[in-house]
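Student: My structure is below; once you've seen it, I'll send some questions.
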Amino acid sequence: MTTDLVPLAVLMFLVTYPSRAVGMLAPGIERLPRRALEYLQLVGPAVLAALAAVSVMVSTVGGRPVFTVGLPWLSVAACLALVAWRRNLLIGLAAAVGIAIVGRAMGFA
Amino acid sequence: MDAPDGRTPAADLPASRRRLVVDGLGIIVSAAGFGFVFGLAARTSGHYSVIDAMAMSTIVFGGASQFAAVGYVASGLAWPAILVLTALLNARHILYSAALAPWFRGRPFAERAVASHLLTDEAFALSIAHFRRLGRFDPFGYWYPAIVTTFIPWNLATFAGATIGSAVVEPQRLGIDVIFPAAMIGLAVGLVTGRRELAAAVAGAAVAVAVSLAVSPTIGIIAGGIVGPSIGLLVPPSGVTAELPRLEDMKR
Numbered sequence: 001m002t003t004d005l006v007p008l009a010v011l012m013f014l015v016t017y018p019s020r021a022v023g024m025l026a027p028g029i030e031r032l033p034r035r036a037l038e039y040l041q042l043v044g045p046a047v048l049a050a051l052a053a054v055s056v057m058v059s060t061v062g063g064r065p066v067f068t069v070g071l072p073w074l075s076v077a078a079c080l081a082l083v084a085w086r087r088n089l090l091i092g093l094a095a096a097v098g099i100a101i102v103g104r105a106m107g108f109a
Numbered sequence: 110m111d112a113p114d115g116r117t118p119a120a121d122l123p124a125s126r127r128r129l130v131v132d133g134l135g136i137i138v139s140a141a142g143f144g145f146v147f148g149l150a151a152r153t154s155g156h157y158s159v160i161d162a163m164a165m166s167t168i169v170f171g172g173a174s175q176f177a178a179v180g181y182v183a184s185g186l187a188w189p190a191i192l193v194l195t196a197l198l199n200a201r202h203i204l205y206s207a208a209l210a211p212w213f214r215g216r217p218f219a220e221r222a223v224a225s226h227l228l229t230d231e232a233f234a235l236s237i238a239h240f241r242r243l244g245r246f247d248p249f250g251y252w253y254p255a256i257v258t259t260f261i262p263w264n265l266a267t268f269a270g271a272t273i274g275s276a277v278v279e280p281q282r283l284g285i286d287v288i289f290p291a292a293m294i295g296l297a298v299g300l301v302t303g304r305r306e307l308a309a310a311v312a313g314a315a316v317a318v319a320v321s322l323a324v325s326p327t328i329g330i331i332a333g334g335i336v337g338p339s340i341g342l343l344v345p346p347s348g349v350t351a352e353l354p355r356l357e358d359m360k361r
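Top line first, the protein sequences correspond to chains D and U.
For the record, in the first sequence the residue sitting at position 57 is 57 according to the working numbering, with numbers rising by one throughout.
Adding 109 to a residue's 1-based position in the second sequence gives its number in the working numbering.
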């Protein structure tokens, strides 16, 4: 069994860890102005929504990003609605996966 | 039952932890599904051994960048280029880290250093929602989502995907590919407690898609994460806003 890519994993860690640690370990973060703290409060919703939107709306075809419409839109929309209504992520995920399974069984992409 | 805005009274630690644990169950499903597909993708690429796949999941522990690396390695991309792209893809963690930092104020350096390695989209979203509900830091509120709901299932599922994943035909038919975006949007909903958060989420998504199409998805996500909050700040705060960490709470 090879370990050829273990050094790559270590190097990827070395370029990832600083991003994760810079805020937590940098001194003076507690002295940020209130406006900056308010900005940081909004980072979570913005990044998570960006990740979800790009995951379902953008795909790469021939090395180029293209706008995509498909069954995952419905799955993700159902999850969004259910989580907003029931405040329960598990139910939302179950609905999303269920829609994908049923939809693909019916031949939708 | 929580308040309609998703927040529980600041002093209600057990209720907030219950909510965290229940939401965490969804993330366990998400991390397991996603990790399984990573293990499967790594092995079927023909370039990863089981040890290589596990090294990625334990040492890097960065879902999207691990998936991307499978493609990079398979296409023969040089390691320096892979590292640059990995750094870019994981740059959003800078924002997470800065957002969590005020809540970790006063915690030991070693704790913050270890917590940093375990910082993921999921750990960030679950923990910061918990801290906001409480209005203060709670160690369980970070370590439970970081380790129990994410690190452990991610690594166990990577192992399963790398060893027995080829027995599963077409993971897409099982809906595994929709788990990640659904989990992300569900977590985002949990963080929307007012008009500003909603505006930031909508703007972040719109900017991310537009920039992704114009440049690349990696840059798009970062752009959405930077521009979205800026637009959110332009919106007057609603009556219910997320609590900022209080200095006296940080000393507990």
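Glycine included, C-beta positions come from ideal geometry on N, C-alpha and C.
From a predicted model like this one, the values you see are computed outputs, not experimental measurements.
1. Below 8 Å on the Cβ atoms is my contact criterion, and I expect Ser325 (chain U) with Val54 (chain D) to pass it. Report the Cβ-Cβ distance as a whole number of Å.
2. Pull up the DSSP beta-bridge partners for Arg87 (chain D), would you.
3. Which value, in whole angstroms, describes the spacing of the CA atoms of Val169 (chain U) and Met12 (chain D)?
4. Among D:Val10, D:Val22, D:Thr60, whose alpha-carbon lies nearest the alpha-carbon of Gly180 (chain U)?
5. Is it right to say Phe218 (chain U) is buried, meaning 16 or more other beta carbons lie within 10 angstroms of its own, or is it exposed?
6. Quick one: give me the first and last residue of the beta strand (DSSP E) that Val59 (chain D) is part of.
7. Would you mind working out which of U:Tyr251, U:Ala314, U:Arg304 sits nearest Leu342 (chain U), comparing C-alpha positions?
8. Please check the pair Pro290 (chain U) and Ala52 (chain D), which I expect to be a contact at CB under 8 Å, by giving their CB distance rounded to whole angstroms.
9. Would you verify that the beta carbon of Leu228 (chain U) is, or is not, closer than 7 Å to some beta carbon of chain D?
10. Counting only beta-carbon atoms, is Gly92 (chain D) nearer than 7 Å to chain U?
11. If you compare alpha carbons, which of U:Pro189, U:Ala207, U:Ile191 is closest to Met24 (chain D)?
12. Taking only beta carbons into account, state which residues of the region 54 to 86 of chain D come closer than 7 Å to chain U, listed in chain order.
13. Please confirm if Glu306 (chain U) has its CB atom under 7 Å from at least one CB of chain D.
14. At which residues does the alpha helix (DSSP H) containing Leu34 (chain D) begin and terminate?
15. Whole beta strand (DSSP E) runs in the region 226 to 276 of chain U with 3 or more residues, listed along the chain?
16. Using a Cβ-Cβ cutoff of 9 Å, what residues of the region 255 to 275 of chain U are near chain D? List them in chain order.
17. Considering just the uninterrupted stretch of the beta strand (DSSP E) at Phe67 (chain D), what are its terminal residues?
18. CA-CA distance, Ser125 (chain U) and Gly133 (chain U)?
19. Tell me, to the nearest whole angstrom, how far the beta carbon of Ala309 (chain U) is from that of Ala81 (chain D); I am working on the premise that it is less than 8 Å.
20. Residues in the same chain with beta-carbon distance under 7 Å from Thr267 (chain U), minus the five sequence neighbours each way, listed in chain order, please.
21. Do the CB positions of Thr259 (chain U) and Glu279 (chain U) come within less than 7 Å of each other?
22. Expressed to the nearest angstrom, what Euclidean distance is found between the alpha-carbon atoms of Ala292 (chain U) and Ile285 (chain U)?
23. How far does the alpha helix (DSSP H) with Glu306 (chain U) in it reach, from first residue to last?
24. Val316 (chain U) and Ala332 (chain U): beta carbons closer than 7 Å?
25. On a Cα-Cα basis, can you pick out the residue from D:Gly92, D:Leu42, D:Thr16 that is closest to Leu209 (chain U)?
26. How big is the Cα-Cα spacing for Ala151 (chain U) and Val287 (chain U)?
27. Taking the alpha-carbon positions, what's the Ala224 (chain U) to Tyr205 (chain U) distance?
28. Between the region 201 to 214 of chain U and chain D, which residues of the former have CB atoms less than 9 Å from a CB of the latter, in chain order?
29. Could you tell me whether the Cβ of Gly44 (chain D) comes closer than 7 Å to any Cβ of chain C?
30. Kindly say whether Val318 (chain U), judged by its beta-carbon, lies nearer than 7 Å to any beta-carbon of chain D.
31. Under the three-state reduction of DSSP, which class applies to Leu356 (chain U): helix, strand or coil?
32. Report buried or exposed for Thr195 (chain U), applying the criterion of at least 16 other Cβ atoms within 10 angstroms of its Cβ.
Tutor: Per the coordinate set shown:
1. The count along the second sequence starts at 1 and reaches residue 325 (chain U) at position 216. The count along the first sequence starts at 1 and reaches residue 54 (chain D) at position 54. Incorrect: roughly 10 Å between the Cβ atoms, too far for contact.
2. Against the first sequence, residue 87 (chain D) aligns to sequence position 87. As far as DSSP is concerned, Arg87 (chain D) takes part in no beta bridge.
3. As a working mapping, residue 169 (chain U) is identified with position 60 in the second sequence. As a working mapping, residue 12 (chain D) is identified with position 12 in the first sequence. Near 6 Å, if we compare the C-alpha coordinates of Met12 (chain D) and Val169 (chain U).
4. Counting from one through the second sequence, the residue named residue 180 (chain U) turns up at place 71. Minimum Cα distance to Gly180 (chain U) is reached at D:Thr60.
5. The residue labelled residue 218 (chain U) in the question sits at position 109 within the second sequence. Label assigned to Phe218 (chain U): exposed.
6. Translated into positions along the first sequence, residue 59 (chain D) becomes position 59. For the sequence presented, residue 59 (chain D) should be read as Ser rather than Val. Taken as a continuous stretch (DSSP letters only), the beta strand (DSSP E) holding Ser59 (chain D) covers 58 to 61.
7. Locating residue 342 (chain U) in the second sequence gives position 233, counting from the first residue. With distances taken between Cα atoms, Leu342 (chain U) lies closest to U:Arg304.
8. By 1-based counting over the second sequence, the position of residue 290 (chain U) is 181. By 1-based counting over the first sequence, the position of residue 52 (chain D) is 52. Correct: roughly 4 Å between the Cβ atoms.
9. The residue labelled residue 228 (chain U) in the question sits at position 119 within the second sequence. Yes, because at least one Cβ of chain D sits closer than 7 Å to the Cβ of Leu228 (chain U).
10. Along the first sequence, one-based indexing puts residue 92 (chain D) at 92. So yes, Gly92 (chain D) belongs to the interface.
11. To locate residue 24 (chain D), count along the first sequence from 1; it is residue 24. Nearest of U:Pro189, U:Ala207, U:Ile191 to Met24 (chain D), Cα basis: U:Ala207.
12. Val54, Ser55, Val56, Met57, Val58, Pro65, Phe67, Pro72, Ser75, Val76, Cys79, Leu80, Val83, Ala84
13. By one-based count along the second sequence, residue 306 (chain U) stands at place 197. Yes, its Cβ sits closer than 7 Å to a Cβ of chain D.
14. As a first step, residue 34 (chain D) must be located in the first sequence, where it is residue number 34. Residue identity differs from the one stated: residue 34 (chain D) is Arg in this sequence, not Leu. Where Arg34 (chain D) is concerned, the enclosing alpha helix (DSSP H) stretches over 34 to 41.
15. If only complete runs of 3 or more residues are kept, the region 226 to 276 of chain U shows no beta strand (DSSP E) anywhere.
16. Answer set for the region 255 to 275 of chain U: empty.
17. For this step, residue 67 (chain D) is matched to residue 67 along the first sequence. Taken as a continuous stretch (DSSP letters only), the beta strand (DSSP E) holding Phe67 (chain D) covers 64 to 67.
18. Your numbering for residue 125 (chain U) matches position 16 in the second sequence. Your numbering for residue 133 (chain U) matches position 24 in the second sequence. In a straight line, the C-alpha of Ser125 (chain U) is about 12 Å away from that of Gly133 (chain U).
19. For the purposes of this step, residue 309 (chain U) is taken as residue 200 along the second sequence, with counting starting at 1. For the purposes of this step, residue 81 (chain D) is taken as residue 81 along the first sequence, with counting starting at 1. The pair is not a contact, with the Cβ atoms about 20 Å apart (cut-off 8 Å).
20. As a working note, residue 267 (chain U) is residue 158 in the second sequence. Excluding residues within five positions, the ones whose Cβ falls inside 7 Å are Gly144, Phe147, Gly148, Ala162, Met163, Ser166.
21. The residue you call residue 259 (chain U) lines up with position 150 of the second sequence. The residue you call residue 279 (chain U) lines up with position 170 of the second sequence. Not in contact: Thr259 (chain U) and Glu279 (chain U) (Cβ atoms no closer than 7 Å).
22. By one-based count along the second sequence, residue 292 (chain U) stands at place 183. By one-based count along the second sequence, residue 285 (chain U) stands at place 176. One C-alpha to the other measures close to 11 Å.
23. One-based indexing of the second sequence puts residue 306 (chain U) at position 197. Its alpha helix (DSSP H) spans residues 304 to 323.
24. Within the second sequence, the letter at position 207 stands for residue 316 (chain U). Within the second sequence, the letter at position 223 stands for residue 332 (chain U). Against a cut-off of 7 Å, the Cβ pair of Ala332 (chain U) and Val316 (chain U) comes out as a contact.
25. Counting from one through the second sequence, the residue named residue 209 (chain U) turns up at place 100. Residue D:Leu42 is the option with its Cα nearest to Leu209 (chain U).
26. Your numbering for residue 151 (chain U) matches position 42 in the second sequence. Your numbering for residue 287 (chain U) matches position 178 in the second sequence. Between Ala151 (chain U) and Val287 (chain U), the C-alpha separation is close to 19 Å.
27. Position 115 of the second sequence holds residue 224 (chain U). Position 96 of the second sequence holds residue 205 (chain U). Rounded to the nearest angstrom, the two C-alpha atoms are 12 Å apart.
28. Arg201, His202, Ile203, Leu204, Tyr205, Ser206, Ala207, Ala208, Leu209, Ala210, Pro211, Phe213, Arg214
29. Absence of chain C from the displayed structure is noted, the protein chains being D and U.
30. Taking the first residue of the second sequence as 1, we reach residue 318 (chain U) at position 209. Yes, its Cβ sits closer than 7 Å to a Cβ of chain D.
31. Here residue 356 (chain U) corresponds to residue number 247 of the second sequence, with the count starting at 1. Summary for Leu356 (chain U): the model assigns pLDDT 40, below 50, so the residue's position carries little reliability; its value from the coordinates is reported in the next sentence. Three-state result, Leu356 (chain U): helix.
32. Position 86 of the second sequence, counting from 1, holds the residue named residue 195 (chain U). It counts as buried.
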